[in-house]
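Asks: First the structure, then my questions, so here it is.
Protein chains in written order, with this note's numbering: chain A, 1 to 327; chain B, 1001 to 1343.
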């Protein structure tokens, strides 16, 4: 297990270094002059450009810039213009000159809550629906569920989001409008503010899970060991949950691991739909304001989060399915 | 690839697994056993699939509407750029259509857009064009690249396979949505000089390229896996022993066996790209006003849903129908081409 984890973590570090390198070079090297991006579209004053060059350390060689950037994340750095930037240093925003790290820590709880809550919602609904469909295979419930899944698979967050707000929050008043969570000071309020966004976000995912779970369960139930268990006189419920579900769980987790990136993507759209202030809206605003350091930081931060969650999923996978070779 | 039952079949044609069912079912009255190419068999199977045929018609309808958008709009007598709502006083002071249900009237069948006041039907019809063309371009380029990549990877195997595999793993590790959002401005700044007006093709081109860069890996992997197993089959071995060149083996032996995968994947990928494009435009980093686009319609809809929810339904339902039809069509195509796969 330890060896497996070490390998996974080392692999993750390599991937992250590669992602940061590619992102860095694309952002700061590819456009002929990032200073041009930095000072906006109507930048003609050469002094301003020069100042930005110096501030961004663009007069240094590229590898040196990259190295400074990465080092800054771990040990902090002095920016070329003398500003001090403590430990997790992602530089300063082009737009308001504020250090970036506090903004990130300010914003990530919303995205994380959405991702975790949304995932929980779609796993419970999707896998549950898929299991019920497999249980009721071929009956009305199965058929209704599969049609619902088909439509669910085809709707978009930005379409059903506003509809759901109008219906459940404005008209019926059952659920809160979505708002940013403040877990420390107001846990219940945070929770109720997340219910609607998480449910809306889950719709585009759970249909896939219910279809997959259904077919996995049906496949499992046709296996020989299930028939043997039934023949031994075990109750079908026990066989269903203990044998078939366990067999299907590994594949469901694999699919979930692959979907992590899309979950993050879904969270971005959900944030924009519900007007929440998370990493997604931060990224979009940074792009619209051409705030490269902010964009870069969000990219690295989210990529790291996805990679870390991937390791967690892999570990869970290894625990659930003993057939997985750990080395 | 030939098999006894298909000896007459065109070898370069779309070939499937030997099936062991000579002739066609459903032809009981015919005494003679007509030889059919696998393509004909697939077509027969597809024609019997009612859902598939309906979906094919729906998809065809969307494509037709996209292609004939100028004609439709001309017949309808409106265009996608005039601000009818403002000019004809159909909007109130806060930009909401005065008539109920989003301003639906005999003049504007689907109502007028809140705020700007363009005609919704014209917007919708032209919007399909933008979304579909971009998605189509991404699909074609991604599938072509993916197939080429997967073929090379699977056929050459060994070290090449390993390094190409790591490359595609690496590309898969990128947070996609964020990449799309983050790199569009970088790409745009490469193409447009500061202070210059960007040309009409810049946005679509950028959208196509960023989506393509992270869009080809999944099909590449599928093709690689298939090639790996096909490579070891007897007919490939036979071709190799008889001195066929690599190119001949790839194009005449391997590729014909991949068509069904390619076709099915392309049908399933297209709606994904359509929604991804709409998502980016919705977020404000894709197509920009005044170009008609579904994503932008969602943006307008989301900004005005409290006072004019009707507007939201037109792009919303159109897109649901489009995506459902495409997904079902993809499933039917798969069933027709490869009846052994169970869903």
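Glycine included, C-beta positions come from ideal geometry on N, C-alpha and C.
Quick caveat, the model's predicted, so the values are computed rather than measured.
List, in order along the chain, the chain B residues whose C-beta lies closer than 7 angstroms to that of residue 261 of chain A?
Replies: By 1-based counting over the first chain, the position of residue 261 of chain A is 261. Within chain B, the residues near residue 261 of chain A are 1175, 1176.
Asks: Mind the definition here: the stretch 1154-1162 of chain B touches the stretch 1273-1288 of chain B only if three or more C-beta pairs lie below 8 angstroms; say whether that holds.
Replies: no
Asks: Looking at chain B, is there any beta carbon in it that lies within less than 8 angstroms of the beta carbon of residue 79 of chain A?
Replies: By 1-based counting over the first chain, the position of residue 79 of chain A is 79. So no, residue 79 of chain A is outside the interface.
Asks: Check the DSSP bridge columns for residue 1119 of chain B and list the partner residues they point to.
Replies: Sequence index remark: in the second chain, residue 1119 of chain B carries index 119 (1-based). Beta-bridge pairing links residue 1119 of chain B to B/1112.
Asks: Going along the chain, which residues of its own chain have a beta-carbon closer than 6 angstroms to the beta-carbon of residue 1343 of chain B, five neighbours each way excluded?
Replies: Counted from its first residue, the second chain places residue 1343 of chain B at position 343. Note that residue 1343 of chain B has pLDDT 43, beneath the 50 cutoff, so the model's placement of it is unreliable and no number is given.
Asks: Between the stretch 147-159 of chain A and chain B, which residues of the former have CB atoms less than 9 angstroms from a CB of the latter, in chain order?
Replies: 150, 151, 153, 154, 155, 156, 157, 158, 159
Asks: Under the three-state reduction of DSSP, which class applies to residue 277 of chain A: helix, strand or coil?
Replies: Your numbering for residue 277 of chain A matches position 277 in the first chain. Here residue 277 of chain A sits in coil by DSSP.
Asks: For residue 248 of chain A, would you say it is in contact with chain B, using Cβ-to-Cβ distances shorter than 8 angstroms as the test?
Replies: Position 248 of the first chain holds residue 248 of chain A. Taking Cβ atoms only, chain B never reaches closer than 8 angstroms to residue 248 of chain A, which makes this a no.
Asks: Quick check on DSSP: helix, strand or coil for residue 1055 of chain B?
Replies: Within the second chain, the letter at position 55 stands for residue 1055 of chain B. It is helical.
Asks: Just to make sure I have the definition right: I need the residues of chain B whose C-beta is within less than 9 angstroms of the C-beta of residue 302 of chain A. Which are they?
Replies: As a first step, residue 302 of chain A must be located in the first chain, where it is residue number 302. The contacting residues are 1175, 1178.
Asks: Take the Cβ of residue 299 of chain A as the centre, count every other Cβ of all protein chains shown within 10 Å, and call the residue buried at 16 or more, exposed below.
Replies: For the purposes of this step, residue 299 of chain A is taken as residue 299 along the first chain, with counting starting at 1. Residue 299 of chain A is buried by the Cβ-count criterion.
Asks: With H, G and I counted as helix, E and B as strand and the rest as coil, what does DSSP make of residue 102 of chain A?
Replies: For this step, residue 102 of chain A is matched to residue 102 along the first chain. DSSP places residue 102 of chain A in helix when its eight states are reduced to three.
Asks: Sorted by chain position, which residues of the same chain lie with C-beta nearer than 6 angstroms to residue 7 of chain A's C-beta, five sequence neighbours on each side aside?
Replies: Residue mapping note: residue 7 of chain A aligns to position 7 of the first chain, counting from 1. The beta carbon of residue 7 of chain A sits closer than 6 angstroms to none of the beta carbons in its chain outside the five residues before and after it.
Asks: Between which two residues does the alpha helix (DSSP H) harbouring residue 198 of chain A extend?
Replies: Along the first chain, one-based indexing puts residue 198 of chain A at 198. 187-221 is the span of the alpha helix (DSSP H), which, as asked, contains residue 198 of chain A.
Asks: Looking at the structure shown, is residue 54 of chain A part of a helix, part of a strand, or coil, going by DSSP?
Replies: Within the first chain, the letter at position 54 stands for residue 54 of chain A. Helix, per DSSP.
Asks: So with Cβ pairs under 8 angstroms, would you call residue 15 of chain A a contact of chain B?
Replies: Indexing the first chain from 1 puts residue 15 of chain A at position 15. For residue 15 of chain A, the answer is yes, since a Cβ of chain B falls inside 8 angstroms of its Cβ.
Asks: Three or more C-beta pairs closer than 8 angstroms, one from the stretch 1218-1228 of chain B and one from the stretch 1247-1263 of chain B: is that the case here?
Replies: Yes: at least three Cβ pairs fall under 8 angstroms.
Asks: Relative to the C-alpha of residue 118 of chain A, which residue among A/287, A/297, A/262 is closest?
Replies: Reading the first chain from its first residue, position 118 is the one you call residue 118 of chain A. If we check each option's Cα against that of residue 118 of chain A, A/262 comes out closest.
Asks: Helix, strand or coil for residue 77 of chain A per DSSP?
Replies: Here the question's residue 77 of chain A lines up with position 77 in the first chain. Three-state DSSP puts residue 77 of chain A in a strand.
Asks: In angstroms, rounded to a whole number, what distance separates the CA positions of residue 209 of chain A and residue 191 of chain A?
Replies: The residue you call residue 209 of chain A lines up with position 209 of the first chain. The residue you call residue 191 of chain A lines up with position 191 of the first chain. Take the alpha-carbon of residue 209 of chain A and the one of residue 191 of chain A: they are about 24 angstroms apart.
Asks: I'd like to know whether the C-beta atoms of residue 90 of chain A and residue 297 of chain A end up nearer to each other than 8 angstroms.
Replies: The residue you call residue 90 of chain A lines up with position 90 of the first chain. The residue you call residue 297 of chain A lines up with position 297 of the first chain. For residue 90 of chain A and residue 297 of chain A, yes; Cβs fall inside 8 angstroms.
Asks: Taking C-beta pairs closer than 8 angstroms, name the residues in chain A that residue 1285 of chain B reaches, listed in chain order.
Replies: Locating residue 1285 of chain B in the second chain gives position 285, counting from the first residue. Neighbourhood of residue 1285 of chain B in chain A, by CB distance below 8 angstroms: 284, 287, 288, in chain order.
Asks: Just checking, does the stretch 1130-1137 of chain B make contact with the stretch 1069-1078 of chain B on the three C-beta pairs under 8 angstroms criterion?
Replies: no
Asks: So does the stretch 94-102 of chain A actually touch the stretch 286-294 of chain A, counting three or more Cβ pairs closer than 8 angstroms?
Replies: yes
Asks: Residue 1172 of chain B and residue 1217 of chain B: beta carbons closer than 8 angstroms?
Replies: Here the question's residue 1172 of chain B lines up with position 172 in the second chain. Here the question's residue 1217 of chain B lines up with position 217 in the second chain. Yes; because the gap between Cβ atoms is below 8 angstroms, this pair is in contact.
Asks: Would you mind sorting residue 105 of chain A into buried or exposed? The rule is 16 or more other CB atoms within 10 Å of its CB.
Replies: As a working mapping, residue 105 of chain A is identified with position 105 in the first chain. Per the 10 Å Cβ criterion, exposed.
Asks: Take residue 244 of chain A and list the residues in its own chain whose beta-carbon comes closer than 7 angstroms to its own, dropping the five residues that flank it on each side.
Replies: Locating residue 244 of chain A in the first chain gives position 244, counting from the first residue. Result list for residue 244 of chain A: 217, 220, 221, 226, in chain order.
Asks: Who are residue 84 of chain A's beta bridge partners in DSSP?
Replies: In the first chain, residue 84 of chain A corresponds to position 84, counting from 1. BP columns for residue 84 of chain A point to A/78.
Asks: May I ask you to list, following chain order, the residues of the stretch 1251-1268 of chain B that have a beta carbon less than 8 angstroms from some beta carbon of chain A?
Replies: none
Asks: My assumption, with CB atoms under 8 angstroms, is that residue 313 of chain A sits in contact with residue 279 of chain A. Please give the rounded CB distance.
Replies: Here residue 313 of chain A corresponds to residue number 313 of the first chain, with the count starting at 1. Here residue 279 of chain A corresponds to residue number 279 of the first chain, with the count starting at 1. No, residue 313 of chain A and residue 279 of chain A are not in contact; Cβ-Cβ is about 20 angstroms, not under 8 angstroms.
Asks: Name the chain B residues that come within less than 9 angstroms of residue 264 of chain A, Cβ to Cβ?
Replies: Locating residue 264 of chain A in the first chain gives position 264, counting from the first residue. In chain order: 1175, 1176, 1177, 1178.
Asks: Measuring alpha carbon to alpha carbon, tell me which of A/240, A/291, A/275, A/311 ends up nearest residue 114 of chain A.
Replies: Taking the first residue of the first chain as position 1, residue 114 of chain A is located at position 114. Measuring from the Cα of residue 114 of chain A, the nearest candidate turns out to be A/275.
Asks: Going along chain A, which residues have a C-beta under 8 angstroms from residue 1312 of chain B?
Replies: Reading the second chain from its first residue, position 312 is the one you call residue 1312 of chain B. Per Cβ cutoff of 8 angstroms: 159, 162, 163.
Asks: Can you name the start and end residues of the alpha helix (DSSP H) that residue 225 of chain A belongs to?
Replies: Here residue 225 of chain A refers to the residue found at position 225 of the first chain. Start and end: 224-231.
Asks: Do residue 206 of chain A and residue 138 of chain A come within 8 angstroms of each other at the CB atom, strictly closer than that value?
Replies: Here residue 138 of chain A refers to the residue found at position 138 of the first chain. Here residue 206 of chain A refers to the residue found at position 206 of the first chain. No; because the gap between Cβ atoms is not below 8 angstroms, this pair is not in contact.
Asks: Check each residue of the stretch 1315-1337 of chain B: if its Cβ is closer than 7 angstroms to any Cβ of chain A, include it; give the result in chain order.
Replies: 1316, 1319, 1320, 1323, 1324, 1327
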